[in-house]
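*Asks:* One structure, pasted below without further comment.
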Amino acid sequence: MWKTTIPKTINNTDNNKKKSLKIKQYCGANMSLIKIVTGYIGLGALLLSASSAFAAPIPPSATVCTSCHMPTGMGLPNMAPMIAGKNAEYLTRQIDLFIAGERSDPLMTPMAGLISDPKKKAEAINYFASLSAPEIKNPEHRGDHAIIEDPARKLVYQGDWNRNIPACSTCHGASGIGVQDFPRLANQHPDYLEEQLKAWKNKTRSGDHNDVMGSIARQLTDTEITQLSHYFATVK
Amino acid sequence: MNKTLITLAAATLFSHSVLATTELPDKQAELPAHPKTEKSDHLVPRDLSTIPNTPFGDKVKQGYSLFVNTQTLQGKYVNNQQNCVNCHMQAGMKADSAPLWGAFMAYPAYRSKNDKVNTYAERIQGCFTYSMNGTPPPKDSPELVALSAYSYWLAMGGLLDKYDMQDTPIPELSDAAIQLGGNDESFILPAEMMQDLPAGKRGKLAGRSFPKLDKPEQVPSIERGEIVYNTTCASCHGANGEGIRDHGVQSFPPLWGKDSFNWGAGMHRVNTAAFFIYENMPLGKSIQITKQEAWDVAAFMNSHERPQDPRFTGDLKANQEKYHNHQGYYGKTVNGKVLGEHSY
Chain A
75 MWKTTIPKTI NNTDNNKKKS LKIKQYCGAN MSLIKIVTGY IGLGALLLSA
125 SSAFAAPIPP SATVCTSCHM PTGMGLPNMA PMIAGKNAEY LTRQIDLFIA
175 GERSDPLMTP MAGLISDPKK KAEAINYFAS LSAPEIKNPE HRGDHAIIED
225 PARKLVYQGD WNRNIPACST CHGASGIGVQ DFPRLANQHP DYLEEQLKAW
275 KNKTRSGDHN DVMGSIARQL TDTEITQLSH YFATVK
Chain B
33 MNKTLITLAA ATLFSHSVLA TTELPDKQAE LPAHPKTEKS DHLVPRDLST
83 IPNTPFGDKV KQGYSLFVNT QTLQGKYVNN QQNCVNCHMQ AGMKADSAPL
133 WGAFMAYPAY RSKNDKVNTY AERIQGCFTY SMNGTPPPKD SPELVALSAY
183 SYWLAMGGLL DKYDMQDTPI PELSDAAIQL GGNDESFILP AEMMQDLPAG
233 KRGKLAGRSF PKLDKPEQVP SIERGEIVYN TTCASCHGAN GEGIRDHGVQ
283 SFPPLWGKDS FNWGAGMHRV NTAAFFIYEN MPLGKSIQIT KQEAWDVAAF
333 MNSHERPQDP RFTGDLKANQ EKYHNHQGYY GKTVNGKVLG EHSY
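Line by line, the protein sequences give chains A and B.
First residue of the first sequence? That's 75 in the numbering used here, and the numbers climb one at a time after it.
First residue of the second sequence? That's 33 in the numbering used here, and the numbers climb one at a time after it.
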């Protein structure tokens with residue numbers, strides 16, 4: 075059964091429970107984790123046949139990722155984040171954090187272990203990093219507008235320094251397009267953004283430089299987290 | 033007092049293509065260091081969303097935009113990869129981070145060093161010459177007016193609110209008045225404030241400049257500073273102080289090298305940098321490293337080559353003796369090389 079197969083390192087928060095339920099629904103009830111994983115690999119292999127539509131062939135090591143993150147790297151809502159075009163250094167660090175148990179997720183923790191071999195890891199990551207993320211046609215830069223009414227957009231471009239919150243775009247770039255290993259937020263699935271911001275806030279995610287993201291997330295209200303997630307998810 | 037300004041602006045136009053032949057004034061004199069003050073004493077500017085939709089309000093908005101994204105002036109007035117907001121956090125509003133409201137109210141200011149009264153606009157021009165390693169926008173140019181208007185708007189809103197005059201709109205002043213600055217006799221404040229802030233004595237608002245740090249227990253060490261840098265700063269400012277540039281935008285500022293501030297900028301002083309770093313870094317966290325570490329990492333950052341001091345006329349020793357009698361490494365030997373000899 076699902077619960078008995080959760081590794082001890084996993085932080086069994088409400089979110090994770092919800093997610094396990096979704097995974098269960100997605101994969102069929104009563105599958106053991108091993109079955110889920112093998113199921114995913116099978117599904118990945120199945121999707122491999124669709125790879126001819128894409129410029130780069132999917133390397134075998136990336137097929138464990140494609141069933142949730144999709145061969146396009148666009149991910150699935152309520153399941154897996156978009157990783158297409160993400161900075162390779164960022165992706166590598168996240169896989170390493172999952173392997174080390176410093177970041178945990180009922181599905182990603184075991185999946186990360188499957189690409190722990192440095193060569194496989196690099197191969198899979200380079201594949202997704204090479205994919206294109208949706209183009210942001212007119213990126214909004216910090217400073218473009220003095221007057222911003224929408225509270226989420228105001229946080230993104232001006233921050234709230236009464237709480238020592240710098241503008242999100244300072245590190246995550248114009249329209250949240252990402253700045254090297256400061257990850258892209260633009261067009262990310264809103265459920266993922268919300269879950270991650272709450273994980274930073276609740277200290278169930280860590281591992282950034284100087285705990286800057288954690289410090290900022292702990293200042294955000296849950297309403298702001300929802301609003302910010304929606305803002306970045308729908309940025310064009 | 034402004035007669036020399038046009039000649040000055042014209043002279044500085046050539047400052048980085050050829051060696052400056054006209055002497056530049058030392059406009060980035062050391063910021064007066066104050067002890068740290070209580071947050072409740074600091075001015076809090078009004079929210080940006082209250083900037084009026086008027087021609088004056090448009091200047092304020094333009095000033096904000098230029099201040100935050102100064103790279104829009106790249107190649108015109110800016111010749112490095114800096115933005116004003118890099119050193120003046122929260123778009124120049126944050127106390128203890130050299131806020132614009134504090135500076136605006138401190139000018140015009142008499143400087144005994146050059147026996148001259150400098151206006152607020154001239155002070156901003158100095159920032160362009162040194163911190164932006166560029167060419168200052170001329171007096172009355174839309175850019176200089178906009179930056180002055182924004183500074184004034186921050187200061188006046190903060191003052192009005194501090195004196196419980198929240199309902200009083202910020203008066204719209206002439207371009208001449210805002211370029212002069214808030215410390216002049218002609219800059220009339222409401223009666224309630226005049227007693228506390230008579231003209232000529234408005235330069236010491238609480239939260240102005242960067243709060244002074246105690247002298248370090250040990251002499252600042254470049255070697256110890258390098259360790260602090262690699263542990264705490266390099267993830268954003270790069271292994272070689274180059275900052276981070278992506279998607280054509282310099283998101284994290286270069287701290288040394290060709291794209292950084294030059295040898296005449298205030299931030300090349302070890303003490304100024306230590307005050308700034310201790311109080312404001314890392315971004316979003318503020319005070320994190322120890323005071324000694326702040327001194328050490330400031331020494332490390334400022335012991336690297338950067339763009340040449342625009343006042344340099346070919347004799348490093350002479351320039352050092354004339355303008356560098358402070359805590360800095362210009363003209364000094366670090367790792368076998370004299371800093372300033374291989375400037376950009």
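Idealized CB from N, CA, C, for every residue including glycine.
These figures come from a predicted structure and were not determined experimentally.
(1) Any beta-carbon of chain A closer than 8 Å to the one on His279 of chain B?
(2) Do three or more CB pairs link the region 270–287 of chain B to the region 107–121 of chain B at distances below 8 Å?
(3) Would you mind giving the Cβ-Cβ distance between Ala220 of chain A and Ile83 of chain B, rounded to the nearest angstrom? I have them listed as a contact below 8 Å.
(4) Quick one: Cα of Thr167 of chain B to Cα of Glu337 of chain B, how far?
(5) Which residues in the same chain have their Cβ closer than 8 Å to the Cβ of Val110 of chain B, if we skip the five residues on either side of it in sequence?
(6) Tell me the residue span of the alpha helix (DSSP H) that contains Val302 of chain B.
(7) Relative to the C-alpha of Phe387 of chain B, which candidate in B:Glu70, B:Met333 and B:Leu132 has its C-alpha closest?
(8) Output the distance between the C-alpha atoms of Ser243 of chain A and Ala158 of chain A, rounded to the nearest integer angstrom.
(9) Count the other CB atoms, across all protein chains shown, that sit within 10 Å of the CB of Arg234 of chain B; report buried if there are 16 or more and exposed otherwise.
(10) For chain A, is any of its Cβ atoms less than 8 Å away from the one on Gly298 of chain B?
(11) Residues in the same chain with beta-carbon distance under 7 Å from Thr300 of chain A, minus the five sequence neighbours each way, listed in chain order, please.
(12) Taking the Cβ atom as the reference point for each residue, do Gln211 of chain B and Ser180 of chain B lie within a distance shorter than 8 Å?
(13) Decide if Thr295 of chain A is buried, meaning its Cβ has at least 16 other Cβ atoms within 10 Å, or exposed.
(14) So, does the region 254–273 of chain B touch the region 316–331 of chain B, judging by three or more C-beta pairs under 8 Å?
(15) Using a beta-carbon distance cut-off of less than 7 Å, what residues from the region 270–303 of chain A approach chain B?
(16) Please list, in chain order, the residues of the region 306–329 of chain B that have any C-beta partner in chain A closer than 8 Å.
(17) Hey, would you say Pro257 of chain A sits closer than 8 Å to His304 of chain A, going by beta carbons?
(18) First and last residue of the beta strand (DSSP E) that includes Gln352 of chain B?
(19) Would Tyr96 of chain B pass as an interface residue toward chain A - the criterion being a Cβ-Cβ separation below 8 Å?
(20) With a threshold of 8 Å between beta-carbons, can Asp218 of chain A be considered close to chain B, or not?
(21) Using a Cβ-Cβ cut-off of 7 Å (strictly less than) and excluding sequence neighbours within five positions of Ser190 of chain A, which residues of its own chain qualify?
(22) Can you tell me the Cα-Cα spacing of His356 of chain B and Met299 of chain B, whole angstroms?
(23) Along the chain, where does the alpha helix (DSSP H) containing Ile221 of chain A start, and where does it finish?
(24) Excluding five sequence neighbours on each side, which residues of the same chain lie with their C-beta closer than 7 Å to the C-beta of Ile251 of chain A?
(25) By the three-class DSSP mapping on this structure, what secondary structure does Arg227 of chain A have?
(26) What are the boundary residues of the beta strand (DSSP E) that includes Tyr142 of chain B?
(27) If the cut is a Cβ gap below 8 Å, which residues of chain B does Gly247 of chain A touch?
(28) When you compare each of B:Ala271, B:Ala238 and B:Leu192 to Glu224 of chain B by their alpha carbons, which one comes out closest?
(29) Please decide whether Val110 of chain B counts as near chain A, where near means a Cβ-Cβ distance under 8 Å.
(30) Mind checking which residues open and close the alpha helix (DSSP H) that includes Val329 of chain B?
(31) For Leu245 of chain B, I'd like the list of residues in its chain whose CB is within less than 8 Å of its CB, leaving aside the five on either flank, ordered along the chain.
(32) Do you know how far the Cα of Ala187 of chain B is from the Cα of Met226 of chain B?
(33) Within the 8 Å Cβ cut-off, does Thr166 of chain A reach chain B?
(34) Thinking C-alpha only, which one of B:Asn334, B:Gly316, B:Gly275 and B:Gly280 is nearest Ala297 of chain B?
(35) What did DSSP end up calling Asp207 of chain B once you bin it into helix, strand or coil?
(36) According to a CB-to-CB cut-off of less than 9 Å, which residues of the region 166–188 of chain B neighbour chain A?
*Replies:* Well, looking at it:
(1) yes
(2) Contact holds: three or more Cβ-Cβ distances are below 8 Å.
(3) 6 Å
(4) 21 Å
(5) Hits under 8 Å: Thr102, Gln103, Phe160, Met164, Asn165 and Gly166.
(6) Val302 to Asn312
(7) The requested residue 387 of chain B does not occur in the structure, where chain B is confined to residues 33 to 376.
(8) 20 Å
(9) buried
(10) No, its Cβ sits nowhere closer than 8 Å to a Cβ of chain A.
(11) Glu268
(12) yes
(13) exposed
(14) yes
(15) His283, Asn284, Val286, Ser289 and Ile290
(16) Pro314, Leu315, Gly316, Lys317, Ser318 and Gln320
(17) no
(18) Run containing Gln352 of chain B: none in the beta strand (DSSP E); it sits in the alpha helix (DSSP H), Leu348 to Tyr355.
(19) yes
(20) By this cut-off, Asp218 of chain A is an interface position.
(21) Ile173
(22) When rounded, the distance between both Cα atoms is 13 Å.
(23) Segment: none, Ile221 of chain A is in no alpha helix (DSSP H) and carries neither H nor E.
(24) The beta carbon of Ile251 of chain A sits closer than 7 Å to those of Ile210, Pro213, Arg258 and Ala260, all from its chain and outside the five residues before and after it, given in chain order.
(25) helix
(26) Ala141 to Arg143
(27) Under the 8 Å cutoff, chain B gives Asp278, His279, Val281 and Ser283.
(28) B:Leu192
(29) Residue-level contact check: Val110 of chain B does not touch chain A, since none of the beta carbons of chain A fall below 8 Å from its beta carbon.
(30) Lys323 to Met333
(31) Asn303, Ala306, Phe307, Tyr310, Lys323, Ala326 and Trp327
(32) 15 Å
(33) By this cut-off, Thr166 of chain A is not an interface position.
(34) B:Asn334
(35) helix
(36) Tyr182
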